[in-house]
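Q:
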Amino acid sequence: MSEHVLFVAAAYGATVAVIGALVAWILLDQAGRRRELAELEAEGVRRRSDQRPGASA
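Dropping the structure here:
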């Protein structure tokens with residue numbers, strides 16, 4: 011293989027590794043936010059957009 015082919019393969023490999031790490035980071039962060047939201051909702055904290063019937067804005 012020529013040096014050019016090795017360079018291109020390494021560049022593609024690095025790109026795949028970085029994108030894979032970003033996807034993993036996003037999925038792990040999403041799981042953490044869902045867990046935090048579930049804890050808050052269990053404590054009775056509600057979202058601002060969640061209007062109770064009969065409540066005035």
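According to the working numbering, the residues represented by the sequence shown are 11 to 67, in order.
C-beta atoms are modelled at their ideal positions from N, C-alpha and C, and glycine is treated no differently.
So what's Glu53 in DSSP terms, helix, strand or just coil?
A: coil
Q: Between Gln40 and Ala52, what straight-line distance do the alpha-carbon atoms span, to the nearest angstrom?
A: 18 Å
Q: Asp39 by DSSP, collapsed to three states: which one?
A: helix
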